[in-house]
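Peer 1: Just so we're aligned, residue 1 is where the sequence shown starts under full-length UniProt numbering, counting upward by one.
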Amino acid sequence: MKQLMMIGFGAMANEVRSHLPKDLELKWVVVPERSIASVQDALAADVQVISDIDDCDGTPDYVIEVAGQAAVKEHAAKVLEKGWNIGLISVGTLADSAFFEELQNTAEHSGAHIHLLAGAIAGIDGISAAKEGGLEKVTYKGCKSPNSWRGSYAEKLIDLDQVTEATIFYTGTAREAALHFPANANVAATIALAGIGMDETMVELTVDPHINQNKHTIIAQGRFGQMSIEMIGVPLESNPKTSTLAALSVIRACRNSVDAIQI
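Laid out in structure tokens, this is it:
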């Protein structure tokens, strides 16, 4: 039986926990210190709940992050320093080039691996494969309802209350988009890191008052040919801000950490 450490314990973590493969056991959960007592009450007594990686009383076979960018910045380097492999769902954190370089150097030094999970989008395998043989152009298009953009940088670019039809309100690089829209950065950053990079991948963001689900589109071309992939995501019932597919991609990473055959 292999053992798992989970960084974070929100809606996504609960979805993942309920679908863990039978050969992987949750043994450690990392949360802010103020949450330790309440999270411990929700878990079995043999699960250690901690706020600092150094307090871990064993050696996880795999670590997954399901907590957001702040948690990645706080804990990922410590995990890698110990030589533990980690799967990140909050890939947008790596738009910070200095932090990206820090994690890369730490992983190379310790021999650990950072797994960037596909999250809420499909087609990452194709983008990554195409990069090996001449990927030339990649554009990510994200489309959401006005309510889904509220509280974000979008409010500085467009009056969400006055939108009557689908309207593009932002065009820029994946790095710029990840920095301006941290809550919506993971898809763009993952596509960029799988493909031609943060500064070459273009992002186009749209608000559409006639939809109530998030639409993600990848358009790519290169020596391999052309690719157009569209994904319309359904949120978790327990948290409308969390993509169901993103949670499922974490479950897939957990399964790959124990299965002899991976795909």
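Just so it is clear, CB atoms sit at the ideal spot from N, CA and C, and this is done for glycine as well.
#1: Residues in the same chain with beta-carbon distance under 6 Å from residue 123, minus the five sequence neighbours each way, listed in chain order, please.
#2: Considering just the uninterrupted stretch of the beta strand (DSSP E) at residue 169, what are its terminal residues?
#3: Would you check if the distance between the CB atom of residue 168 and the CB atom of residue 204 is smaller than 8 Å?
#4: Does the stretch 211–225 come close enough to the stretch 169–176 to have 3 or more Cβ pairs within less than 8 Å?
#5: Cβ of residue 95 within 8 Å of Cβ of residue 189?
#6: Do you know offhand how far residue 198's Cα is from residue 187's?
#7: What are the boundary residues of the alpha helix (DSSP H) that includes residue 12?
#8: When you compare only the Cα positions, how much space is there between residue 265 and residue 193?
#9: Determine which residues share a DSSP beta bridge with residue 220 and list them.
#10: How about residue 12 and residue 63: are their beta carbons less than 8 Å apart?
#11: As a quick exercise: from 51, 227, 152 and 39, pick the residue whose alpha carbon is nearest that of residue 125.
#12: By the DSSP assignment, the alpha helix (DSSP H) with residue 40 in it spans what residues?
#13: Hey, out of 150, 142, 209 and 154, whose CA is closest to residue 164's CA?
#14: Alpha carbon to alpha carbon, how far is residue 14 from residue 39? Give it in angstroms, no decimals.
#15: Around the Cβ of residue 33, are there at least 16 other Cβ atoms within 10 angstroms (buried) or fewer (exposed)?
#16: What's the gap between the Cα of residue 53 and the Cα of residue 78?
#17: Where does the unbroken beta strand (DSSP E) through residue 110 begin, and where does it stop?
Peer 2: According to the structure shown:
#1: 218 and 229
#2: 167–173
#3: yes
#4: no
#5: yes
#6: 12 Å
#7: 11–17
#8: Outside the modelled stretch of the chain, which goes from 1 to 263, sits residue 265, for which no answer is possible.
#9: 138 and 227
#10: no
#11: 227
#12: 36–42
#13: 209
#14: 11 Å
#15: exposed
#16: 7 Å
#17: Counting along the chain, residue 110 falls outside any beta strand (DSSP E), though it belongs to the alpha helix (DSSP H) covering 97–110.
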